[in-house]
Amino acid sequence: DIQMTQSPSTLSASVGDRVTITCRASQSIRNWLAWYQQKPGKAPNLLIYMASNLATGVPSRFSGSGSGTDFTLTISSLQPDDVATYHCQHYYSSPWTFGQGTKVEIK
Amino acid sequence: VQLVESGGGLVQRGGSLRLSCAASGLTFSSYSMSWVRQAPGKGLEWLSYITGGSSTTYYADSVKDRFTIYRDNTKNSLFLEMSSLRDEDTAVYYCARTSNYAFFDVWGQGTVVTVSS
Chain B
46 DIQMTQSPST LSASVGDRVT ITCRASQSIR NWLAWYQQKP GKAPNLLIYM
96 ASNLATGVPS RFSGSGSGTD FTLTISSLQP DDVATYHCQH YYSSPWTFGQ
146 GTKVEIK
Chain S
32 VQLVESGGGL VQRGGSLRLS CAASGLTFSS YSMSWVRQAP GKGLEWLSYI
82 TGGSSTTYYA DSVKDRFTIY RDNTKNSLFL EMSSLRDEDT AVYYCARTSN
132 YAFFDVWGQG TVVTVSS
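Line by line, the protein sequences give chains B and S.
Heads up, my numbering is the position in the first sequence plus 45, with the first residue counted as 1.
Heads up, my numbering is the position in the second sequence plus 31, with the first residue counted as 1.
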């Protein structure tokens, strides 16, 4: 199975800061990667697919990049509404696995 | 598009439970679907997948031979039949519409399953 490792586990930043979350796959997954945002007590919501494609309705301050084994999710200017846990997921081959999540807080 | 799960609850270790997911606002039979769970304080775990016509199913090793995914396209419904439940099956269970590339683009609100001894 392909293992997904996110870092950091928790991130605290100020409103307006640029925030970067990293996701690393245990083997190449080309660009078969998605990112999800999960607000407290809610279901996950698709943010990005194919590593860099923004899902419908997602604000442009979110962006994704990477290919192969190393990927990043960037929030260009952190907003209070962005407080959430962010999960990466590969879909290169079954079983499709997620990272452990990165919790983003406002400092 | 809306997905609404139901059927969760408290069940004894070794028991069984059937989860349902009612879909609306989409041509249900055209979409593959999956179940994903999240144990308390933990990350997301994909469990099972079924194609629109039910011709193909996949399972995670953790639930293979214990859980069965199926669907009724005439009722726009997805199901997860769970048996031999263990403490570690305690989680929020989500149904999710699954794209052709196997990312999850629509999620339900989740239903809670608690396995007690």
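Cβ coordinates follow ideal geometry from the N, Cα and C atoms, glycine included.
What would DSSP say about residue i, mapped onto helix, strand or coil?
i                      : result
residue 63 of chain S  : strand
residue 136 of chain S : strand
residue 46 of chain B  : coil
residue 98 of chain B  : strand
residue 106 of chain S : helix
Per DSSP, which residues does residue i bridge with? Please list them.
i                      : result
residue 109 of chain B : B/118
residue 151 of chain B : B/58
residue 142 of chain B : Answer by DSSP bridge pairing: none, since residue 142 of chain B is not bridged.
Using a 10 Å radius around the Cβ and a threshold of 16 neighbouring Cβ atoms, would you call residue i buried or exposed?
i                      : result
residue 36 of chain S  : buried
residue 120 of chain B : buried
residue 111 of chain B : buried
residue 103 of chain S : exposed
residue 12 of chain S  : Here chain S comprises residues numbered 32 to 148, so residue 12 of chain S is not present and cannot be evaluated.
residue 48 of chain B  : exposed
residue 94 of chain S  : buried
residue 105 of chain S : exposed
Among the options, which one has its Cα closest to the Cα of residue i?
i                      : options                      : result
residue 76 of chain B  : B/106, B/136, B/60 and B/151 : B/136
residue 42 of chain S  : S/129, S/122, S/75 and S/64  : S/122
residue 107 of chain S : S/115, S/94, S/92 and S/53   : S/53
residue 40 of chain S  : S/51, S/34, S/75 and S/59    : S/51
residue 87 of chain S  : S/97, S/72, S/64 and S/68    : S/64
residue 55 of chain S  : S/127, S/70, S/147 and S/131 : S/127
residue 151 of chain B : B/46, B/50 and B/55          : B/55
residue 107 of chain B : B/73, B/85, B/84 and B/65    : B/65
Contact list for the stretch 93-124 of chain B against chain S, Cβ threshold 8 Å = 94, 95 and 100
Of all the residues that make up the stretch 69-92 of chain B, which are near chain S by a beta-carbon distance shorter than 9 Å?
-> 77, 78, 79, 81, 83, 87, 88, 89, 90 and 91
Mind listing which residues of the stretch 74-85 of chain S have their C-beta closer than 8 Å to chain B's C-betas, in chain order?
-> 74, 75, 76, 77 and 80
Residues of the stretch 85-99 of chain S whose Cβ lies closer than 8 Å to any Cβ of chain B, in chain order | 89, 91 and 92
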